[in-house]
Structure formats: C-alpha cells, structure tokens
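Shown next, in structure tokens, is the structure this report addresses.
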Amino acid sequence: AHAAGGALEAACQHVPGALMKFNDIVVQKGLGSWIWDTAGNKYLDMTAGIGATSTGHCHPKVVEAVREQAGNIVHAQQNIFKAHTKQLELDAALSRIMPQQLTKYFYCNSGSEAVDNAVKIARAATGRECIIAFDGGFHGRSIGAMALTTSKVIYKQHFGPFMPGVHIAPYPYCLHCKVQAEKGHSGYHVAPYMPPFDSPDNRVCCGAPQEALEWMLVQHVHPGDVAAIILEPIMGEGGFLTPPPGFMAGLRQLADKHGILLIADEVQSGAGRSGMWWAHGQFDGGAMQPDMVVFAKGIASGYPLAGVATRQHHFDNMQPGTMGGTYGGNAVACAAALATIEAIESEGMLGNASQRGVQLMQGLVGLADRYPIIDVRGRGLMVGIEFGSSSSSGSSSSRLKAEKGVAMAVTKAAFKHNLLLMTAGARESIRFLPPLNVTAEEVDTCLNGFEAACKEVYK
Ligand code: PMP
Numbered sequence: 010a011h012a013a014g015g016a017l018e019a020a021c022q023h024v025p026g027a028l029m030k031f032n033d034i035v036v037q038k039g040l041g042s043w044i045w046d047t048a049g050n051k052y053l054d055m056t057a058g059i060g061a062t063s064t065g066h067c068h069p070k071v072v073e074a075v076r077e078q079a080g081n082i083v084h085a086q087q088n089i090f091k092a093h094t095k096q097l098e099l100d101a102a103l104s105r106i107m108p109q110q111l112t113k114y115f116y117c118n119s120g121s122e123a124v125d126n127a128v129k130i131a132r133a134a135t136g137r138e139c140i141i142a143f144d145g146g147f148h149g150r151s152i153g154a155m156a157l158t159t160s161k162v163i164y165k166q167h168f169g170p171f172m173p174g175v176h177i178a179p180y181p182y183c184l185h186c187k188v189q190a191e192k193g194h195s196g197y198h199v200a201p202y203m204p205p206f207d208s209p210d211n212r213v214c215c216g217a218p219q220e221a222l223e224w225m226l227v228q229h230v231h232p233g234d235v236a237a238i239i240l241e242p243i244m245g246e247g248g249f250l251t252p253p254p255g256f257m258a259g260l261r262q263l264a265d266k267h268g269i270l271l272i273a274d275e276v277q278s279g280a281g282r283s284g285m286w287w288a289h290g291q292f293d294g295g296a297m298q299p300d301m302v303v304f305a306k307g308i309a310s311g312y313p314l315a316g317v318a319t320r321q322h323h324f325d326n327m328q329p330g331t332m333g334g335t336y337g338g339n340a341v342a343c344a345a346a347l348a349t350i351e352a353i354e355s356e357g358m359l360g361n362a363s364q365r366g367v368q369l370m371q372g373l374v375g376l377a378d379r380y381p382i383i384d385v386r387g388r389g390l391m392v393g394i395e396f397g398s399s400s401s402s403g404s405s406s407s408r409l410k411a412e413k414g415v416a417m418a419v420t421k422a423a424f425k426h427n428l429l430l431m432t433a434g435a436r437e438s439i440r441f442l443p444p445l446n447v448t449a450e451e452v453d454t455c456l457n458g459f460e461a462a463c464k465e466v467y468k
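Throughout the sequence shown, residue numbering follows the UniProt record's numbering, covering 10 to 468 in sequence.
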C-alpha cells in the first residue's frame, strides 16, 4: 500500500508545490533498475532519475569509488588548486571518449550551469552575442538556459525576462510538420517505424526547417552576430525526437560557412544513453562534429557533475578568473564520473543500450496495432512513443491529434503496476529512460506494465 494521503501531505509539508511530481513515492532506497518506497513496495524505474543514473541506482563500483574518495578529499576547490588527482584521471577518461577535437574540459554542477557556461565560452571565443536554439528544445532552468528553452511554457511562466540575444529556429518535428501536410503528403511518419528509424528509405525530410534556419540568417539575425547554434542531438524534454537524415550535416555546413560554433547539448542524450558515447555521432555519420559538448546527468550516475568540453583555442581570449564556481569538479563527483565511465566500458553497457533499445522499441511498435501509438522513436535507451487519436476513422492529420492528457493517464496507470515512467514534450508522449545496464527481463517487465497501463486507459 502507498502512504495514506493525509499523513503523506503532513510529512511533505515543506516540499514546494512548484515541483512537478509524477507519483507519491517517498523513496527509501534504489538498486539497479529498482526503487523501494518506505512501505517496502518495489518499482521498476524506467526514468533513471531523468536519465542520470546511467549505471543504475547504487552501482557497486560507483559506491566504492565515492566511499573511497569521501575519505580522501571531497572539496579540492578549482580556483584554489591547479587540479586534483581524480580530476586528472577523469580528464584522461574524457579525452578517450570525447570527440577528438574537444580537448579542454570545464566542470560545474548541473546541466543548466554547463549550458550557461557554454554560452559564455561561445560569446568570448567569437566576440559575438547571439545564440540560436531550436523550437521545443530544453536546456535548463537558469535565467540563461531558460531563454534557450521552448519545450513548455510552464518552465518560463512568471520568470522572465530572460537572457537576450536568443533566436529560436524551427525544429524538424517531421510527424507534425505543417509544411509537409500542406503539400498534401499523408505523413510518412504516421505508421510507427521499425529500427533503423532514420533509414533514408523510410524517412524523408521536407527540408523546411533547414530553409527556415537559413532564412533566419537573412531576415532575423546577421550571421556575423551569431556566436553559436545549440541543439540536443536527440531532443529530450521536447518529446524524444531524432533529427531527419541530412539535418545535422547541414547544420555543420551552415555553421562553417558563417563561423558559428555548434554546441551539442548532450545532457540527456549523452554519456552512452544512445548506445554511443555521444548521440551526435548517431546521425549523418557523425558529420555534426560539435565545437562544444555539454554534458551532465548520466556521466556521473546521479552525482552532480556537469561540464563543457571545448576546442583548445576557445579559451584563448579568456583571462584567468573569468570562469569558476565553488563546487565545480568536486572530487567525489569526479570519482563517481570516473567509476561510471569505467563501468560503462568494462561491462559493455553501450552495446547493451543498443540491444535493449531495439528490444524496447520493437516491443512498443508491437503494441501499436492495439493502441493508438503513432510513433516510436529514439536511439539506444533514449526511447519515446507518441499517442495519436484513438478514433480509427478520419484523415491521417486527424489521427495525429491525441486526446489531451492520455500520456499522463498512461503514466499514472503504469505506476499502479509499479512501473515508473515520465511524459515528455507538449504533445502526448511518454519517454523510456532505463539505466544502460537494464536486463532483457526488465525490459519485458516494462513492456508488460506499459501494455497493462494502455489497456486500462483505452478500455
Ligand atoms: N539540457 C538538457 C538537454 C536537459 O535534458 C537538461 C535537464 N533535463 C538540462 C540541460 C538541464 O540540466 P539540469 O537539470 O542538470 O540543470
């Protein structure tokens, strides 16, 4: 039984109502893909703390590394000391897994802070002010990162004004691409895909978002004023969208033409989540080649470590003292990150993420003939589904319009089956973010729970 309503509310009286809560669990402990509440109930956690607990809850190697480091030194402050030993070991590990061109690593504590710092670096390195971000993107909750965030208005309500100099470009959300509908296409994306989802044979982009971006540089903002374009290689909070073929390569070309830096915000998609270390490598043969990678979440299995990986010369114009932060590169967080990278490598979690991802996507595609799932998408263990209308009649465009609230209703129904899921985006999508070492059996349990939840909502 879950904790009773009144007693729970009293116990949680100091928790602000401004935080979204997907359930009423008071957590006791976690292990691997599982969570236990104070009443001893056990839940399958397919949120991994929004993709942060990449190696599962309390991976023994991470626990051990943290224990050891906590007794050695915790806070070897980055503005006081040249470096600490765990930082240098982590630097070496990152230089193995980061794109080769990115050789400088700045550490901080959260994804939002890392995004803000990426903006600072881009502005200082280029001497330009403006940043282009994409419609539906999420980059964080600081005043800077919020300016770049357009996945839901709720994140910004009452909080403006935000950082100036931001321009928002359309993103190729092909499933709902209006231009394509206007051209009379039926919407090739309406039937769910089987992997590989982006094969040029079954997915064609109308090219409108690319054109719109180019047009922005004619009409809205002079390219000579643009410091950087930031994007999530797989759009996360906005609904788990993958870019269509050619889009990432096109961005690189555009950026090169105008001397604009490309920032890959890999906070959610990175650190092995997609089955590769960095999700930008999944598209167009890795042609995006970012000038910066922003990382957080999964890199340290839930410990607060984030950062920006940049090219060597980006710091050339910056005086000592321009960057910093009290806790950045905290030694315990660095030890957790190092143990995370080593566990992902030594336990073959990238391969597991790819294989379990295909199992999960195929299972979800299999449910699409019984429930109004109009899209299954993602890479590796960053998997999303979108619901459409449950009425079987109507044109393909009316099939795209789901009943409002169904994704949340299914998420809540899944909770009754002890399965933890989250919604994503402003439409009716659900995301699946298991740890990278999730087992085949756990994926089956997840699929069964999800099917039971769909059955309950669409009875
Ligand atoms: N960027 C992306 C792509 C994210 O998904 C998130 C968090 N959901 C952030 C930035 C912000 O990270 P944090 O919550 O650690 O500030």
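Glycine is no exception: its CB is placed at the ideal position from the N, C-alpha and C atoms.
Nonlocal neighbours in the same chain, by C-beta distance under 6 Å from residue i, ignoring five residues either side
{"i": "residue 452", "result": "365, 368, 369"}
{"i": "residue 124", "result": "148, 149, 154, 303"}
{"i": "residue 70", "result": "348, 352"}
{"i": "residue 88", "result": "333"}
{"i": "residue 110", "result": "320"}
{"i": "residue 442", "result": "56, 57, 60"}
{"i": "residue 430", "result": "55, 420, 423, 439"}
{"i": "residue 292", "result": "252, 257"}
{"i": "residue 103", "result": "114"}
{"i": "residue 340", "result": "78, 82, 83, 85, 93, 95"}
Separation of residue j from residue i, as counted between CA atoms
{"i": "residue 469", "j": "residue 121", "result": "Lying before the first or after the last residue shown, residue 469 is absent from the chain, which here runs from 10 to 468."}
{"i": "residue 99", "j": "residue 413", "result": "45 Å"}
{"i": "residue 251", "j": "residue 276", "result": "15 Å"}
{"i": "residue 133", "j": "residue 271", "result": "14 Å"}
{"i": "residue 399", "j": "residue 435", "result": "18 Å"}
{"i": "residue 221", "j": "residue 180", "result": "9 Å"}
{"i": "residue 46", "j": "residue 164", "result": "28 Å"}
{"i": "residue 39", "j": "residue 67", "result": "7 Å"}
{"i": "residue 268", "j": "residue 299", "result": "13 Å"}
{"i": "residue 237", "j": "residue 331", "result": "19 Å"}
{"i": "residue 218", "j": "residue 118", "result": "33 Å"}
{"i": "residue 437", "j": "residue 97", "result": "44 Å"}
{"i": "residue 288", "j": "residue 281", "result": "8 Å"}
{"i": "residue 193", "j": "residue 177", "result": "Per-residue confidence for residue 193 stands at a pLDDT of 49, beneath the threshold of 50, marking its modelled position as unreliable; the derived number appears in the next sentence. Using only the alpha carbons, I get a separation of about 27 Å."}
{"i": "residue 359", "j": "residue 279", "result": "11 Å"}
{"i": "residue 116", "j": "residue 259", "result": "30 Å"}
{"i": "residue 295", "j": "residue 242", "result": "11 Å"}
{"i": "residue 345", "j": "residue 227", "result": "46 Å"}
{"i": "residue 454", "j": "residue 467", "result": "20 Å"}
{"i": "residue 233", "j": "residue 49", "result": "59 Å"}
{"i": "residue 95", "j": "residue 342", "result": "9 Å"}
{"i": "residue 450", "j": "residue 30", "result": "28 Å"}
{"i": "residue 41", "j": "residue 311", "result": "12 Å"}
{"i": "residue 462", "j": "residue 394", "result": "14 Å"}
{"i": "residue 374", "j": "residue 249", "result": "16 Å"}
{"i": "residue 363", "j": "residue 285", "result": "8 Å"}
{"i": "residue 16", "j": "residue 465", "result": "28 Å"}
Nonlocal neighbours in the same chain, by C-beta distance under 8 Å from residue i, ignoring five residues either side
{"i": "residue 25", "result": "none"}
{"i": "residue 21", "result": "35"}
{"i": "residue 151", "result": "121, 122, 124, 125"}
{"i": "residue 322", "result": "134"}
{"i": "residue 223", "result": "263"}
{"i": "residue 75", "result": "312, 341, 344, 345, 348"}
Other residues of its chain near residue i: CB distance less than 7 Å, five sequence neighbours each side excluded
{"i": "residue 37", "result": "45, 46, 47"}
{"i": "residue 408", "result": "199, 383, 397, 398"}
{"i": "residue 326", "result": "133, 134"}
{"i": "residue 230", "result": "139, 176"}
{"i": "residue 337", "result": "87, 116, 117, 118"}
{"i": "residue 160", "result": "145, 146, 147, 246, 247, 434, 435"}
{"i": "residue 156", "result": "171, 172, 175"}
{"i": "residue 356", "result": "446"}
{"i": "residue 1", "result": "Residue 1 cannot be examined here, being either before or after the span of the chain that is shown, 10 to 468."}
- Item | Any beta strand (DSSP E) of 3 or more consecutive residues that is wholly inside the region 105–165 | 113–117, 139–143
- Message: I want to know whether the region 382–389 touches the region 450–460 - three or more CB-CB distances under 8 Å.
- Response: no
- Task: Decide if the region 296–314 is in contact with the region 58–78; the criterion is three or more beta carbon pairs, one per stretch, under 8 Å apart.
- Result: yes
- Message: Which runs of the beta strand (DSSP E) at least 3 residues long sit entirely within the region 363–438? Give them in chain order.
- Response: 382–388, 391–396, 431–433
- Would you check if there are 3 or more beta carbon pairs closer than 8 Å linking the region 72–83 to the region 45–56? no
- Task: Would you check if there are 3 or more beta carbon pairs closer than 8 Å linking the region 349–363 to the region 138–158?
- Result: no
- Item | Uninterrupted beta strand (DSSP E) stretches inside the region 296–330 (no shorter than 3 residues) | 301–304, 315–319
- Task: Could I get the ranges of all uninterrupted beta strand (DSSP E) runs contained in the region 20–100, with 3 residues as the minimum, in chain order?
- Result: 36–40, 43–46, 51–54
- Item | Segments of 3+ residues assigned as beta strand (DSSP E) that fall wholly inside the region 232–283 | 235–240, 270–274
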